[in-house]
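Take a look at the structure set out below.
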Amino acid sequence: MGQSTSSPTNATENNSQTVPKVSKSYFTRDELMTHYQETAIKLLTPSELISFKRSVGSNIEVNDVYQTELLYERLHLPKNNHTLKKIILSIFVTLANFPIVNEINPNLTAGGVLKCIVMLTNRSKKYMSGKQTGILHLLFIGLSKAESTTRNTTNEFLNETYNITEVLSTYNNTNFDDITVSSNTLLHFISWLLTLRYVVPSSNCKIDNSYNNVDWEAFENSAKSIIRSMNPKTFTCSADSSSDAVTFDEFITVFNVIVPNITAPLENLVEHLLYREDDLVEVTLPLDEMEESKMLTKSLYTQIMASFPNDIVISKLQKLYVGRESGFSMRSLQAKVFKWLAPTIIIVSGMRIVDDTLYTEKKNPRYKNFLDHYHILREDDQHLEDCFQLKRKVTFAIYIKEPWKVTNKSSFGGEHTTIIQLSPRQDIYRANTSDVIYFNTLGGGIGIGCNQPTVKGNLEQHQPGNVSLTIDNALEFAAFRHVGYGGKINPSVLQTESDNLDATFELRFSISDLEVWGCGGEKELEEQMKQLKWEEAEAKRRQHINLKSLGEDRALLEMAGLVGQHQSGGSV
1 MGQSTSSPTN
11 ATENNSQTVP
21 KVSKSYFTRD
31 ELMTHYQETA
41 IKLLTPSELI
51 SFKRSVGSNI
61 EVNDVYQTEL
71 LYERLHLPKN
81 NHTLKKIILS
91 IFVTLANFPI
101 VNEINPNLTA
111 GGVLKCIVML
121 TNRSKKYMSG
131 KQTGILHLLF
141 IGLSKAESTT
151 RNTTNEFLNE
161 TYNITEVLST
171 YNNTNFDDIT
181 VSSNTLLHFI
191 SWLLTLRYVV
201 PSSNCKIDNS
211 YNNVDWEAFE
221 NSAKSIIRSM
231 NPKTFTCSAD
241 SSSDAVTFDE
251 FITVFNVIVP
261 NITAPLENLV
271 EHLLYREDDL
281 VEVTLPLDEM
291 EESKMLTKSL
301 YTQIMASFPN
311 DIVISKLQKL
321 YVGRESGFSM
331 RSLQAKVFKW
341 LAPTIIIVSG
351 MRIVDDTLYT
361 EKKNPRYKNF
371 LDHYHILRED
381 DQHLEDCFQL
391 KRKVTFAIYI
401 KEPWKVTNKS
411 SFGGEHTTII
421 QLSPRQDIYR
431 ANTSDVIYFN
441 TLGGGIGIGC
451 NQPTVKGNLE
461 QHQPGNVSLT
471 IDNALEFAAF
481 RHVGYGGKIN
491 PSVLQTESDN
501 LDATFELRFS
511 ISDLEVWGCG
521 GEKELEEQMK
531 QLKWEEAEAK
541 RRQHINLKSL
551 GEDRALLEMA
561 GLVGQHQSGG
571 SV
């Protein structure tokens, strides 16, 4: 392009703790690739670099090809899922080519893998410091390229220069309005992310080979609910083939606010690429000790955990009440749950009632009694998304921090009370007050986000809030209402983000399952933290390297700028 060039390194501030600030100049592709690869390597410790080299072969250099089969093996990808392998490779190749993400060198190198490790873990905060870049943007680009049949090869690159500021701010001239990701690609990727929470609880754990035997279909069902949060038309038997695609705005909204923790286990897994199998430690998978039920399966648990904020820690789940086992009654629930003094999660599921009159006459005449005590939302205010109209099963999980108690006049719950919708799509509704739940033994049932029901003599009337879940006293019917602000629970996070609060709706359903699970208390949490600290200490002990006798590994550290004539090594 005729522009003068200078070394990116010379045009930056020398600060190994963050990415150097590159001045507004033009650089060749090779200069940019070298600069960002070296910067990534400097964010890894000498021990990590040497362990990585030994894990892939002592003779490998940073620019040597990293075999894709080795990548699949180290990431423990399901052997027969070739679609997932293609997706993960596309993501890694995209990240390895950062910041020139639209002119791909398809050959994944050892240095490129190190770059991916930095970008997919907490190190990315330093690596991308001060840049208008985000890992979710890059993940979306990688996902969008997974189905592409054409890629540039190395000898197709033009001898041109790039404005680094423009490349970073535009993701190498990516127009996010023009690219989409198919729901099938997302189904494989999100299902995989959900399984990782089950099998990769820490960054230094050995991964059991039984991972390949997980119930993939169950995790796919959970993934479909998350994808419907992006596009309500997907996986709903819609005849419109264009509804298959997910846009960038839909993707990033859900990943940011609905499932903000879904990629956390991926960080743990990527760390495994740094180490040999001998460096890892045996751990007990937390979910292996979980007593499953018809409702709370491993897949549903991981789906719930993907939505919980970081300040809510759930160390262990204890089955307290299962309606199918103990009977659907307020008295049975009270006997099983009220002695538990730690937080709980209540899960309720059922089939949406589409036609009130027909259901009462043909299916269950007792439903009329519920309608007599619950004023339904006007038909003019009912604006159901496609996923609600075409998928009848609804599931909600409610996190309750305070212990349960009978509250015929007052309420309980705590400000952390959160309703998580789990099907047919995933959404979050958070309490804005501490008095948000009642357990009314006078005939009012259970209300979340509701005012106390009116119970006087023969008069019994529910008082649903603007955002609320009402459960009758027989635990047979329920109604979830969403009409916007003004109640004890804030509106849908999803609809708030998309500025779609006018889409009011109500879901009335017959309850098929209702369960209450106790979350581990302080004692369990303290034991878990002690175990994690021991595992970390054990990993460091195994990975300890005497830097004074590096031998053949010294060259790698010198390339990274960590060991030289006037340096003795050490952590970055």
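Residue 518 in UniProt numbering sits at position 518 of the sequence shown; the count goes up by one each step and never skips.
No residue lacks a Cβ here, since even glycine has one placed at the ideal position from N, Cα and C.
- In terms of Cβ geometry, residue 183 and residue 142 do not form a close pair [threshold 8 Å].
- The closest CA to that of residue 448, considering only 244, 250, 346, is found on 346.
- Residue pairing for residue 419: DSSP places it in a beta bridge opposite 398, 429.
- Buried is the label assigned to residue 317, since at least 16 other Cβ atoms lie within 10 Å of its Cβ.
- Of 179, 26, 67, 472, the smallest CA-CA separation from residue 165 is found for 26.
- In the three-state scheme derived from DSSP, where H, G and I count as helix and E and B as strand, residue 351 is classed as strand.
- In this chain, the alpha helix (DSSP H) harbouring residue 387 covers 386 to 390.
- Taken in chain order, the complete alpha helix (DSSP H) segments of 4 residues or longer contained in the segment 172 to 204 are 183 to 199.
- Unbroken beta strand (DSSP E) stretches of 3 residues or longer found wholly inside the segment 109 to 146: none.
- Beta-bridge annotation (DSSP): residue 481 is paired with 468, 506.
- In this structure, the alpha-carbon of residue 341 lies about 14 Å from that of residue 321.
- If you ignore the 5 residues before and after residue 92, its C-beta comes within less than 8 Å of the C-beta of 71, 108, 112, 113, 116, 142, all in its own chain and listed in chain order.
- Secondary structure of residue 338 (DSSP, three-state): coil.
- Listed in chain order, the beta strand (DSSP E) runs fully inside the segment 21 to 107 are 26 to 28, counting runs of at least 3 residues.
- Here the C-alpha atom of residue 171 lies approximately 44 Å from the C-alpha atom of residue 351.
- DSSP, reduced to helix, strand and coil, places residue 501 outside both helices and strands of the structure shown, so it counts as coil.
- In this structure, DSSP gives residue 460 an extended state, which the three-state scheme calls strand.
- Cβ neighbours of residue 62 within its own chain (closer than 8 Å, five residues either side excluded): 37, 41, 109, 110, 111, 114, 556, 559.
- With a threshold of 16 other beta carbon atoms within 10 Å, residue 234 meets it and is buried.
- Assignment of residue 163 by DSSP, reduced to helix, strand and coil, places it in the strand class.
- In the DSSP assignment, residue 473 falls outside any alpha helix (DSSP H), carrying neither H nor E.
- Sequence-distant partners of residue 48 (beyond 5 residues in either direction) whose C-beta falls short of 7 Å from its own C-beta, in its chain, are 274.
- For the pair residue 480 and residue 396, the CB atoms are nearer than the 8 Å cut-off.
- Residue nearest to residue 278 within the set 126, 55, 221 is 55 (criterion: CA-CA distance).
- Counting only the Cα atoms, residue 229 lies some 32 Å from residue 333.
- Annotated three-state conformation of residue 407 is coil, per DSSP.
- Ranking 280, 32, 442 by CA distance to the CA of residue 74 puts 280 first.
- Bridge pairing for residue 438: 447 [DSSP].
- In the structure shown, the three-state DSSP call for residue 453 is strand.
- Distance from the Cα of residue 136 is smallest, within the candidate group 176, 64, 502, for 176.
- Inter-segment contact for the segment 371 to 380 and the segment 460 to 478 is present: three or more beta-carbon pairs are separated by less than 8 Å.
- Look at residue 245 here: in three-state DSSP terms it is strand.
- In terms of CA proximity to residue 349, 419 leads the group 250, 419, 29.
- The residue among 276, 329, 423, 511 with its C-alpha nearest the C-alpha of residue 52 is 276.
- Remark: C-beta atoms of residue 126 and residue 236 do not approach each other more closely than 8 Å.
- Scanning its chain for C-beta atoms nearer than 8 Å, with the 5 sequence neighbours on each side dropped, one finds around residue 188 the residues 81, 83, 84, 87, in chain order.
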